[in-house]
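**Q** Same order as they appear, the protein sequences are chains A and B.
Numbered per our numbering, the first sequence finishes at 588, counting up by one with no gaps.
Numbered per our numbering, the second sequence finishes at 700, counting up by one with no gaps.
Where is the CB? At the ideal position from N, CA and C, for every residue including glycine.
Supplied in structure tokens, the structure appears directly below.
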Amino acid sequence: MRFAERVTTLGRRLPRWPVYAAGALPAAWLAFRLFTGGLGADPVKVVEHELGEWGLVFLIATLSVTPLRRVAGINLMKHRRALGLLAFFYVLLHLLTWVLLDMQLLWAEMLKDIYKRPYITVGMAGFAAMVPLAVTANNRAIRRMGAVAWQRLHRLAYLAAAAGAIHYLLLVKTVTFAPAAYAGAVFGLLALRAGWNRRLRNGLGGLGPT
Amino acid sequence: MPYRFRTSLKSSDVTPKSAWMNRRALLAGAGGAAFAGAIGLPARAELSYVKSPYSTQAEPNSLEDITSYNNFYEFGTGKDDPARHAHQLTTEPWPVEIDGMVGKPGTYDMDDILGGVTLEERIYRFRCVEAWSMVIPWIGFPLADLLRRVEPGPGAKYVAFETLVRPEEMPGQRRAILDWPYREGLRLDEAMHPLTILATGLYGDPMPKQNGAPIRLVVPWKYGFKSIKSIVRITLTDREPPTTWNMQNPREYGFYSNVNPEVDHPRWSQATERRIGGGLFSSRQPTLMFNGYGEEVAGLYAGMDLTKHY
Chain A
379 MRFAERVTTL GRRLPRWPVY AAGALPAAWL AFRLFTGGLG ADPVKVVEHE
429 LGEWGLVFLI ATLSVTPLRR VAGINLMKHR RALGLLAFFY VLLHLLTWVL
479 LDMQLLWAEM LKDIYKRPYI TVGMAGFAAM VPLAVTANNR AIRRMGAVAW
529 QRLHRLAYLA AAAGAIHYLL LVKTVTFAPA AYAGAVFGLL ALRAGWNRRL
579 RNGLGGLGPT
Chain B
391 MPYRFRTSLK SSDVTPKSAW MNRRALLAGA GGAAFAGAIG LPARAELSYV
441 KSPYSTQAEP NSLEDITSYN NFYEFGTGKD DPARHAHQLT TEPWPVEIDG
491 MVGKPGTYDM DDILGGVTLE ERIYRFRCVE AWSMVIPWIG FPLADLLRRV
541 EPGPGAKYVA FETLVRPEEM PGQRRAILDW PYREGLRLDE AMHPLTILAT
591 GLYGDPMPKQ NGAPIRLVVP WKYGFKSIKS IVRITLTDRE PPTTWNMQNP
641 REYGFYSNVN PEVDHPRWSQ ATERRIGGGL FSSRQPTLMF NGYGEEVAGL
691 YAGMDLTKHY
């Protein structure tokens with residue numbers, strides 16, 4: 379476990395701010411290409427899609443922290459909050475792009491879409507699930523709620539990730555590699571947890587809450 | 391073992407035609423041709439054409455928008471894939487098979503097809519089923535001109551079209567993204583309508599490969615996917631032909647696929663569209679019935695329930 383220990387030590391030594399800074403780089407790169415005309419004929423769609431995709435990437439990273447610890451012995455728990463907040467940041471920007479630049483504040487049409495279009499319904503549900511997580515992503519909230527209730531609330535992250543993956547699968551016209559790969563990653567991570575919970579219930583080496 | 395010549399060079403190492411055509415164009419010093427070469431189009435003489443009263447007054451999209459933002463799954467599913475990969479396509483020679491219920495079936499090459507037609511510039515609105523739109527200055531001629539020459543039989547009711555299948559030049563076809571060949575179809579009266587054209591050019595130049603060279607259909611009152619590209623087969627038939635997107639997902643894509651703001655695609659609304667070309671703030675505007683061509687084509691569908699025949 380030499381490697382795992384080294385990564386864990388590195389992770390513990392690393393302050394939190396560089397994770398936020400590195401996580402903001404994709405947004406900065408997108409903004410740079412936007413203002414230098416590098417996004418092609420329909421920049422709105424590129425911005426919307428890339429932000430959504432990064433949201434999914436950070437959701438998957440967030441959900442990978444526990445399996446990394448339990449399976450590979452790499453402990454990056456210190457940085458999970460940063461990864462989760464970055465996921466929220468990208469999903470929020472993705473939603474704002476849809477509201478402001480894509481739908482251009484046509485509220486009636488957006489409400490109809492949320493109600494009628496499964497991929498938008500699912501996407502909005504995923505976003506809604508992330509709001510309480512972002513609001514309680516601080517130590518004060520953990521103290522006020524108590525660790526057990528806080529942890530239970532934060533299982534909404536599973537819902538958000540599943541919603542994100544399904545949202546992507548539903549919106550493409552033909553299933554291509556990317557949405558299938560994201561769905562595979564998300565549901566693989568969720569299946570891993572389901573397996574642990576089953577073992578826990580059957581008393582086969584419970585390892586505590588995930 | 392006998393000596394055999396081997397090389398690590400692949401066919402992809404050969405200078406692409408567009409590149410040496412570029413150099414020629416620059417040497418010739420022809421302004422227009424050099425410009426066409428510079429943006430990756432075949433540098434050939436401009437086409438001669440006449441203006442058409444069917445053209446819209448709207449400002450066309452830039453050539454760059456039109457040639458860099460394409461749905462042409464034969465070259466990949468990304469909007470930029472066709473511009474990146476279509477140079478691999480060989481468009482000469484280009485035989486088109488015309489068969490089925492016609493008096494003069496046969497294999498026609500592009501010279502046969504273009505002989506005796508007058509090319510026109512048709513500046514049309516183009517509305518994609520994905521709720522974006524452009525304005526495109528096509529060069530082409532009425533499909534009816536060609537159909538009349540091959541003499542549709544008395545029983546013919548539909549026209550079916552097929553795109554080339556050539557996976558070695560069309561990388562998207564190496565995977566079963568769609569059930570190749572790409573197929574489209576029109577009712578004969580739609581096909582004979584004067585707005586329906588076979589386009590062979592764009593902005594006064596021969597058709598860029600990513601836009602469906604050398605010959606494609608343009609039906610401006612239908613969603614863009616009906617306007618099939620790089621056609622190699624035209625069949626007249628008495629029954630509604632299978633069409634690719636309808637085969638893929640019949641609930642979402644009907645045979646008619648007329649632009650209709652009142653009939654939503656199950657996954658997205660068709661009430662409005664975004665006009666490509668306005669950058670970050672390209673305006674969303676209401677979609678018009680039959681893409682604004684209702685006066686000319688509504689009569690084709692008199693008495694039909696368009697929510698059923700979507």
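1. Taking 8 Å as the limit between beta carbons, can you name the residues of its chain near Ile492 of chain A, skipping five residues before and five after?
2. Quick one: grab the DSSP three-state call for Met488 of chain A.
3. Any idea which residues DSSP pairs Trp574 of chain A with across the strands?
4. My guess is that Trp522 of chain B and Arg512 of chain B are in contact by the Cβ rule of under 8 Å, so how many angstroms apart are they, rounded?
5. Whose Cβ in chain B lies nearer than 7 Å to the Cβ of Arg495 of chain A?
6. Which partner residues does Ala550 of chain B have in the DSSP bridge list?
7. Short of 6 Å in beta carbon distance, which residues of its chain neighbour Ala543 of chain A, apart from the five on each side in sequence? Order them along the chain.
8. Short of 7 Å in beta carbon distance, which residues of its chain neighbour Tyr613 of chain B, apart from the five on each side in sequence? Order them along the chain.
9. Compute the Euclidean distance between the alpha carbons of Phe465 of chain B and Thr514 of chain A, then round it to the nearest angstrom.
10. Can the beta-carbon of Gly682 of chain B be found closer than 7 Å to that of Arg515 of chain B?
11. If you measure beta-carbon to beta-carbon, which residues of the region 529-545 of chain A are closer than 9 Å to chain C?
12. I need the straight-line Cα distance from Gly543 of chain B to Leu533 of chain B, nearest angstrom please.
13. Does any CB atom of chain A fall closer than 7 Å to the CB of Asp455 of chain B?
14. What does the Cβ neighbour count give for Thr633 of chain B, buried or exposed, with the cut at 16 atoms within 10 Å?
15. Where do the N-terminal and C-terminal ends of the alpha helix (DSSP H) with Ile498 of chain A fall, by residue?
16. Give a yes or no on whether 7 Å exceeds the smallest Cβ distance from Tyr459 of chain B to chain A.
17. Can you list, in chain order, the residues of its chain with a C-beta nearer than 6 Å to that of Trp484 of chain B? Leave out the 5 residues immediately preceding and following it.
18. For Leu454 of chain A, which residues in the same chain have their Cβ closer than 7 Å to its Cβ, ignoring the five residues on either side in sequence?
19. How about Ile513 of chain B: is its C-beta nearer than 7 Å to some C-beta of chain A?
20. Report buried or exposed for Phe381 of chain A, applying the criterion of at least 16 other Cβ atoms within 10 angstroms of its Cβ.
21. So the candidates are B:Asp579, B:Leu592 and B:Pro610; which of them puts its Cα closest to the Cα of Gly689 of chain B?
22. Using 8 Å as the cut-off, can you tell me whether the region 595-603 of chain B makes contact with the region 564-578 of chain B, which would need three or more C-beta pairs spanning the two stretches below that distance?
23. Examine the Cβ distances between the region 472-480 of chain A and the region 525-532 of chain A and report whether three or more of them are shorter than 8 Å.
24. Along chain A, in chain order, which residues have C-beta atoms closer than 8 Å to that of Ile618 of chain B?
25. Do Gly562 of chain B and Tyr463 of chain B have their beta-carbon atoms positioned less than 7 Å apart in this structure?
26. For Ile605 of chain B, return the contacting residues in chain A, with the cut-off set at a CB-CB distance below 9 Å.
27. If you reduce the DSSP assignment to three classes, tell me which class Trp528 of chain A lands in.
28. I think Ala589 of chain B touches Val608 of chain B, with their Cβ atoms under 8 Å apart; what is that distance to the nearest whole Å?
29. Closest to His475 of chain B by C-alpha separation, out of B:His699, B:Tyr643 and B:Ser458, would be which residue?
30. Just to check my reading of the structure: Leu412 of chain A and Glu428 of chain A have Cβ atoms closer than 8 Å, yes? What is that Cβ distance to the nearest angstrom?
31. Shortest alpha-carbon distance to Leu549 of chain A belongs to which of A:Leu537, A:Leu437 and A:Arg495?
32. In whole angstroms, what is the alpha-carbon distance linking Asn580 of chain A and Ala507 of chain A?
33. Could you tell me whether the Cβ atoms of Glu663 of chain B and His655 of chain B are closer together than 7 Å?
34. Quick one: is Thr387 of chain A buried, meaning 16 or more other Cβ sit within 10 Å of its Cβ, or exposed?
35. Taking the Cβ atom as the reference point for each residue, do Leu464 of chain A and Gly504 of chain A lie within a distance shorter than 7 Å?
36. Would you tell me roughly how many angstroms separate the C-alpha atoms of His545 of chain A and Arg538 of chain B, rounded to the nearest one?
**A** By the coordinates alone:
1. Residue numbering aside, residue 492 of chain A sits at position 114 when the first sequence is read from its first letter. These residues qualify, in order along the chain: Ile498, Thr499 and Met502.
2. Sequence index remark: in the first sequence, residue 488 of chain A carries index 110 (1-based). Helix, per DSSP.
3. Here residue 574 of chain A refers to the residue found at position 196 when the first sequence is read from its first residue. Trp574 of chain A is not bridged to any residue.
4. Start at 1 with the first residue of the second sequence, and residue 522 of chain B comes out as number 132. Start at 1 with the first residue of the second sequence, and residue 512 of chain B comes out as number 122. So it is not a contact: roughly 20 Å between Cβ atoms.
5. Your numbering for residue 495 of chain A matches position 117 in the first sequence. Arg657 and Trp658, listed in chain order.
6. Locating residue 550 of chain B in the second sequence gives position 160, where the first residue counts as 1. In DSSP, Ala550 of chain B forms a bridge with B:Gly575 and B:Thr625.
7. As a working mapping, residue 543 of chain A is identified with position 165 in the first sequence. Answer for Ala543 of chain A: Tyr560, Ala561 and Val564, listed in chain order.
8. Stepping through the second sequence from its first residue, residue 613 of chain B is reached at position 223. Only Arg517, Cys518, Val519, Ser647 and Val649 meet the Cβ criterion.
9. Here residue 465 of chain B corresponds to residue number 75 of the second sequence, with the count starting at 1. Here residue 514 of chain A corresponds to residue number 136 of the first sequence, with the count starting at 1. Rounded to the nearest angstrom, the two C-alpha atoms are 46 Å apart.
10. Locating residue 682 of chain B in the second sequence gives position 292, counting from the first residue. Locating residue 515 of chain B in the second sequence gives position 125, counting from the first residue. In this structure, Arg515 of chain B lies closer than 7 Å to Gly682 of chain B by Cβ.
11. The question asks about chain C, but that chain is absent: this structure's protein chains are A and B.
12. Mapped onto the second sequence, residue 543 of chain B falls at position 153. Mapped onto the second sequence, residue 533 of chain B falls at position 143. When rounded, the distance between both Cα atoms is 16 Å.
13. Taking the first residue of the second sequence as position 1, residue 455 of chain B is located at position 65. Closer than 7 Å to some Cβ of chain A, the Cβ of Asp455 of chain B qualifies, so yes.
14. Start at 1 with the first residue of the second sequence, and residue 633 of chain B comes out as number 243. Buried, by the Cβ-count rule.
15. Residue mapping note: residue 498 of chain A aligns to position 120 of the first sequence, counting from 1. Pro496 to Val513 is the span of the alpha helix (DSSP H), which, as asked, contains Ile498 of chain A.
16. Along the second sequence, read from residue 1 onward, the residue named residue 459 of chain B stands at position 69. Judged by the 7 Å Cβ criterion, Tyr459 of chain B is in contact with chain A.
17. Here residue 484 of chain B refers to the residue found at position 94 when the second sequence is read from its first residue. These residues qualify, in order along the chain: Met500 and Pro604.
18. Taking the first residue of the first sequence as position 1, residue 454 of chain A is located at position 76. Gly389, Val443 and Leu446.
19. For this step, residue 513 of chain B is matched to residue 123 along the second sequence. Cβ-Cβ to chain A under 7 Å: no for Ile513 of chain B.
20. Residue 381 of chain A sits at position 3 when you count from the first residue of the first sequence. So Phe381 of chain A counts as exposed.
21. Here residue 689 of chain B is taken as the residue at index 299 of the second sequence, counted from 1. Checked all of B:Asp579, B:Leu592 and B:Pro610; the closest Cα to Gly689 of chain B is B:Asp579.
22. no
23. no
24. Within the second sequence, the letter at position 228 stands for residue 618 of chain B. Ordered by position in chain A, no residue passes the 8 Å Cβ test against Ile618 of chain B, which lies about 16 Å from the chain.
25. Reading the second sequence from its first residue, position 73 is the one you call residue 463 of chain B. Reading the second sequence from its first residue, position 172 is the one you call residue 562 of chain B. For Tyr463 of chain B and Gly562 of chain B, yes; Cβs fall inside 7 Å.
26. Taking the first residue of the second sequence as position 1, residue 605 of chain B is located at position 215. Under the 9 Å cutoff, chain A gives no residues; its nearest Cβ is about 24 Å from Ile605 of chain B.
27. By one-based count along the first sequence, residue 528 of chain A stands at place 150. Trp528 of chain A falls in the helix class under three-state DSSP.
28. Locating residue 589 of chain B in the second sequence gives position 199, where the first residue counts as 1. Locating residue 608 of chain B in the second sequence gives position 218, where the first residue counts as 1. Indeed, because the Cβ distance is near 5 Å, the residues count as touching under 8 Å.
29. Stepping through the second sequence from its first residue, residue 475 of chain B is reached at position 85. Ranking B:His699, B:Tyr643 and B:Ser458 by Cα distance to His475 of chain B puts B:Ser458 first.
30. Here the question's residue 412 of chain A lines up with position 34 in the first sequence. Here the question's residue 428 of chain A lines up with position 50 in the first sequence. The pair is not a contact, with the Cβ atoms about 10 Å apart (cut-off 8 Å).
31. One-based indexing of the first sequence puts residue 549 of chain A at position 171. Nearest C-alpha to Leu549 of chain A: A:Arg495.
32. Along the first sequence, one-based indexing puts residue 580 of chain A at 202. Along the first sequence, one-based indexing puts residue 507 of chain A at 129. Near 30 Å, if we compare the C-alpha coordinates of Ala507 of chain A and Asn580 of chain A.
33. What you label residue 663 of chain B is simply residue 273 of the second sequence in a count that begins at 1. What you label residue 655 of chain B is simply residue 265 of the second sequence in a count that begins at 1. Contact: no.
34. Looking up residue 387 of chain A in the first sequence gives position 9. Classification of Thr387 of chain A: exposed, given that the 10 Å Cβ count is below 16.
35. Working through the first sequence from its first residue, we reach residue 464 of chain A at position 86. Working through the first sequence from its first residue, we reach residue 504 of chain A at position 126. No. Outside cutoff.
36. Reading the first sequence from its first residue, position 167 is the one you call residue 545 of chain A. Reading the second sequence from its first residue, position 148 is the one you call residue 538 of chain B. C-alpha separation (whole angstroms): 48 Å.
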